[in-house]
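**Q** 69 is the number of the first residue of the sequence shown in my numbering; add one for each residue after it. Quick one: structure below, then a few questions.
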Amino acid sequence: MQLLVNIVEPDPENQPFFISNESSLYDVSGKDESEIEIEADIKHYFEGDFPRKLGMPIWQFIDLINQRYPSWLNN
Numbered sequence: 069m070q071l072l073v074n075i076v077e078p079d080p081e082n083q084p085f086f087i088s089n090e091s092s093l094y095d096v097s098g099k100d101e102s103e104i105e106i107e108a109d110i111k112h113y114f115e116g117d118f119p120r121k122l123g124m125p126i127w128q129f130i131d132l133i134n135q136r137y138p139s140w141l142n143n
């Protein structure tokens, strides 16, 4: 989860101290970013295709990424 937080909010000063089970990627970004900017950050990291359900809880988003990119944490 910390890797995704670092992607959408690279500045540690703006990262949340607590992420609840209901938090989405929008909630972890300290910047006033639009959906398009967050999508661009994720798309850049995954070099293309990625789950586009950014408003879902981050835990579910991680499950989708794990299904699509089983070795993403090793890269």
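For each residue, glycine too, the CB sits at the ideal point set by N, CA and C.
I need the straight-line Cα distance from A108 to R136, nearest angstrom please.
**A** 18 Å
**Q** Report buried or exposed for S97, applying the criterion of at least 16 other Cβ atoms within 10 angstroms of its Cβ.
**A** buried
**Q** Which of the three DSSP states is assigned to F129 in this structure?
**A** helix
**Q** Whose CA, out of I133, S139 and Q128, lies closest to the CA of E90?
**A** Q128
**Q** Evaluate E81 with the Cβ neighbour count: other Cβ atoms within 10 Å of its Cβ, from every protein chain shown; 16 or more gives buried, anything less gives exposed.
**A** exposed
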